[in-house]
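Colleague: Chains A and B, in that order, give the protein sequences. In terms of the working numbering, the first sequence opens at residue 1 and continues consecutively. In terms of the working numbering, the second sequence opens at residue 1001 and continues consecutively. Beta carbons are placed, not taken as given, at the ideal position from N, Cα and C, and that holds for glycine.
Protein chains: 2
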Amino acid sequence: MRALNVSERRTAPPRVGVSTVIFALQPPAGQPVGDAPHDGATLWLPLVRRTRAPFTGRWALPGGPLAWDTSLEESARSTLHEATGLSPRYLEQLYTFGGRDRSATDLRVVTVAYWALIALADRTPMESVENVAWYSVDALPPLAFDHADIVALARRRLRAKATYTGVAVRFLGEEFTLGELRRVHDAVLGRTSDPANFRRRMLASGRVEPTGAVRRDGAHRPARCYRFVAEPDAELLTPAPTPAETTERKRRTS
Amino acid sequence: MRALNVSERRTAPPRVGVSTVIFALQPPAGQPVGDAPHDGATLWLPLVRRTRAPFTGRWALPGGPLAWDTSLEESARSTLHEATGLSPRYLEQLYTFGGRDRSATDLRVVTVAYWALIALADRTPMESVENVAWYSVDALPPLAFDHADIVALARRRLRAKATYTGVAVRFLGEEFTLGELRRVHDAVLGRTSDPANFRRRMLASGRVEPTGAVRRDGAHRPARCYRFVAEPDAELLTPAPTPAETTERKRRTS
DNA sequence: TCAAAAGTGTTCTACGTACACCCATGG
DNA sequence: CCATGGGTGTACGTAGAACACTTTTGA
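(1) Buried or exposed: where does residue 218 of chain A fall if 16 or more other Cβ atoms within 10 Å of its Cβ makes it buried?
(2) Would you list the one or two residues that DSSP bridges to residue 1023 of chain B?
(3) For chain B, find out if any of its Cβ atoms is closer than 9 Å to the Cβ of residue 96 of chain A; answer yes or no.
(4) Can you name the start and end residues of the beta strand (DSSP E) that residue 96 of chain A belongs to?
(5) Is there a C-beta anywhere in chain B that falls below 9 Å from the one on residue 205 of chain A?
(6) If I'm right that residue 1071 of chain B touches residue 98 of chain A with Cβ under 8 Å, what's the distance once you round it to whole angstroms?
(7) Can you give me the Cβ contacts of residue 137 of chain A inside the same chain, cut-off strictly under 8 Å, excluding the 5 residues immediately before and after it?
(8) Under 8 Å between beta-carbons, which chain B residues line up against residue 11 of chain A? List them in chain order, please.
(9) If distances are taken between C-alpha atoms only, which option among B:1216, B:1141, B:1101 comes closest to residue 1057 of chain B?
(10) Would you report the Cα separation of residue 1020 of chain B and residue 1160 of chain B, rounded to the nearest angstrom?
(11) Step through the CB atoms of chain A and report whether any lies within less than 9 Å of the CB of residue 1170 of chain B.
(12) Taking only beta-carbon atoms, is residue 26 of chain A less than 9 Å away from chain B?
(13) Any beta-carbon of chain B closer than 9 Å to the one on residue 182 of chain A?
(14) Is the distance from the Cβ of residue 221 of chain A to the Cβ of residue 177 of chain A below 9 Å?
(15) Would you check if there are 3 or more beta carbon pairs closer than 8 Å linking the segment 109–118 of chain A to the segment 87–95 of chain A?
(16) Beta-carbon separation of residue 111 of chain A and residue 16 of chain A under 9 Å?
(17) Answer yes or no: does any C-beta atom of chain B fall closer than 9 Å to that of residue 254 of chain A?
(18) Is residue 147 of chain A buried or exposed, if buried means 16 or more other CB atoms sit within 10 Å of its CB?
(19) So the candidates are A:198, A:61, A:225, A:54; which of them puts its Cα closest to the Cα of residue 175 of chain A?
(20) Taking residue 99 of chain A as the query, report the chain B residues whose CB atoms sit under 7 Å from its CB, ordered along the chain.
(21) Among A:197, A:169, A:201, which one has its Cα closest to the Cα of residue 25 of chain A?
(22) For residue 1253 of chain B, name the three-state secondary structure that DSSP assigns.
(23) Entirely within the segment 1164–1229 of chain B and at least 4 residues each: give me those alpha helix (DSSP H) ranges in chain order.
(24) According to DSSP, simplified to helix, strand and coil, what is residue 84 of chain A?
(25) Residue 213 of chain A to residue 1167 of chain B, Cα distance in whole Å?
(26) DSSP three-state call for residue 75 of chain A: helix, strand or coil?
(27) Name the two residues that bound the continuous beta strand (DSSP E) containing residue 63 of chain A.
Set out below in structure tokens:
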């Protein structure tokens, strides 16, 4: 295929790109930037510095054009791997952005956005990747395109899902204590919940089950370890929630 | 731009299409088909018969390629208008389908699916549109591509949203009684709820407010009329839910 | 022996359900 | 006057919030 001239580019059919918002609890041993509000209670994400117009030099979400032989999710997975060297613990389609003017060039791009959670429990050393830096979501630099909107939407979605599903565990390793899980949960939701009630809710939900192990990590009683237990209905294709499951199930009035 | 040959088509960048699942309470005065389970408690949607390969003659969701000068939502709106002659009371992006083999041709298509609710309260006469027919969602014919999956996902999403938001009212006109609303709600969710409790829940939710009017339509006490009241936070861009609003708001423990 | 987090028990409230009962109307 | 759906009142059960209290550790 030959290159297109200016007016052809403007009226050419839109191209498809995939971008991914990758959340983690801490930045790995790469090079973080931006003043980090190091209360410990922030999320982090990797950004890629653009080397081409438009927005040369600006930071952007990891992503790229959709190749002809790659599925959308594969594309999200591979850019995630390129940017972090890791595989996601959770990956879900977020939204598709297709405004006419969002690419700020003649060539129109429709972007399918994904969001992902990764666990850094393994203390991944992470040889630093070229042009990638980690930022706290609370101190992001100016982003290219409408990527700030995408991040904002991803945060909303993460918060929403954290309130009625167990996604938060995906930030943690195989084994975790309920204290750890609660702190993650609170960081994501920006609240502080009662340890006793949180414990009961989690155990009652059945999404978590005890391994035999205990963990001792301070001047206090050791904590029992738990593992995540897969949700009963594995809905692979569900950007939409399925809330109020229990309520829905028992009903069937009069 | 010149036409592409076969191997070029296969490795060409994916094209973007938009398809819309349009739900209504009853089919308009067009030509419905398929054995309709006329319990009155089904939803209906318009389908378009394909006139070109692949899947020639099969029924498919209204949609088409994304034009260079049209936004995704505009595209969904316009195909909706073409198929039904109406404007949606509700329109939301559903999901983007981009599997490699879903188009069953060499040319790969990424489809951004939308779902919509329309009200037929105005007793729209609907001059029958060429190649469009309405089907009950419970008796759909075989569909082209992966459109059956899309419809299934849309139904799940509609049900989910109906449980924790007021979307169901969008099936009705400006004014409605709580009995009407309850029947719609029940039809969508496939349950039967207690009129007294439903009434209380709706009024308590604040999503509904009385107009002065009453409606008399049978051998029983006339019903007060209500109108829908816009949700407080108009989140234009929110495929994700925002459930447990009340619970979330008051919190902020210890 | 003290602080600090793990873990248990108990009360209180909000919300939804079930269900009994009155109201207004057309036939 | 009766069947039908609109509309009110009320008792019950459950889930979460608040909070008092015990347990086990390191320093």
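Modeller: Considering the structure as presented:
(1) exposed
(2) B:1117
(3) yes
(4) 90–97
(5) no
(6) 6 Å
(7) 23, 42, 43, 44, 45, 151, 155
(8) 1068, 1069
(9) B:1141
(10) 18 Å
(11) no
(12) no
(13) no
(14) no
(15) yes
(16) yes
(17) Legend: pLDDT at residue 254 of chain A = 28, less than 50; position of this residue unreliable, value from coordinates given subsequently. Closer than 9 Å to some Cβ of chain B, the Cβ of residue 254 of chain A qualifies, so yes.
(18) buried
(19) A:225
(20) 1071
(21) A:169
(22) Note that residue 1253 of chain B has pLDDT 31, beneath the 50 cutoff, so the model's placement of it is unreliable and no number is given.
(23) 1178–1189, 1195–1205
(24) helix
(25) 47 Å
(26) helix
(27) 63–65
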